[in-house]
Amino acid sequence: MKIAIVYKSITGNTKIIANAIKEALSEQEIIYFGEPKDNINADIYIVGSWTDKGECSKEIKTYLSNLENKKIIYFGTAGFNGKGYYEMLYDRVRKNIKESNKVLGYFYCQGKMPMSVKDRYINLIKEHPDDKRLQVSIDNFNKALTHPDNTDVENAKHWIKSIIN
Ligand SMILES: Cc1cc2nc3c(=O)[nH]c(=O)nc-3n(C[C@H](O)[C@H](O)[C@H](O)COP(=O)(O)O)c2cc1C
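Residue numbers (the working numbering): -3 to 161.
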C-alpha cells in the first residue's frame, strides 16, 4: 500500500503531527512526505493543514479539490478548540473533497499561535474592557502555547494506526 503524507505548515505545528504520523507508519510504504505537489501517485492520501480563518490553507484546499476516486485521511491543527469546534472546521474542509473520494477519518489538535495574535487581543481588551469573549480568547491563546504536546503526538499516532493497520 502506497501512502502519501501531504501537508502545509507555516509555523511547524502541523509538521509535528505530520512527523508523528510518518513515524507511526514506519512499517508502511510512504512514497511522499511534504508540501502539495502534482502527480503524487498513492493508494492513500493523508492530507494535513493549519487552520486559516476557519478553513484549511488555500494550498490544501486546492490539493484536496483535485483528488478524485482516492482514499483520503485528513489532519489539522488549530489555535482554538472547544466543543464542536473541530467538527465545524472539518465540515468546511469536507466541502473541498469530491464525492468520488472515500474519507477514512480525520484528526485535529491545538497548535500554538504567534504572539501577535495575543497582542491584538490585549489591545482589543483596552478598547472593549467589558467584552468577556476577549478574555476567553486570551485564555485559549495561553492554553495553546504548549501544543502540539506529547499527548497530541501520541493521540495522532494512535489514531493513524487504528485506521491504517
Ligand atoms: C492568519 C492566521 C489565521 C488563523 N486562523 C485561525 C482560525 O480561524 N481558527 C483557529 O483555530 N486557528 C487559527 N489560526 C491558528 C493556526 O491555525 C494554528 O496556530 C496552527 O497550529 C498553525 O499551524 P502551523 O504551525 O502548522 O502553521 C490562525 C493563525 C494565523 C497566523
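The beta carbon of each residue, even a glycine, is placed where N, CA and C say it ideally should be.
So for residue i, helix, strand or coil by DSSP?
i	result
S61	helix
S96	coil
I118	helix
D48	strand
I69	strand
K4	strand
F103	strand
K(-2)	strand
Mind reading off the beta-carbon distance from residue i to residue j? Whole number of angstroms is fine, and I expect it under 8 angstroms.
i	j	result
G107	A140	7 angstroms
I6	L21	That pair is no contact at about 24 angstroms.
F29	K18	6 angstroms
E51	P32	Actually they do not touch by this definition, with Cβ atoms about 15 angstroms apart.
N9	P144	6 angstroms
If you measure between the beta carbons of residue i and residue j, is that distance less than 9 angstroms?
i	j	result
Y109	F137	Inspection of the sequence shows that residue 109 is occupied by Met rather than by Tyr. Taking 9 angstroms as the Cβ cut-off, M109 and F137 qualify as a contacting pair.
I13	T58	no
W155	F103	yes
L63	I93	yes
I68	V99	yes
S61	K4	no
A16	V132	no
D39	M(-3)	yes
I36	V89	no
G80	I159	no
S96	N119	no
I121	D127	yes
| request: Could you tell me which uninterrupted beta strand (DSSP E) segments, each at least 3 residues in length, are contained entirely in the region 4 to 45, listed from first to last along the chain? | output: Complete beta strand (DSSP E) runs here, min 3: 25 to 30.
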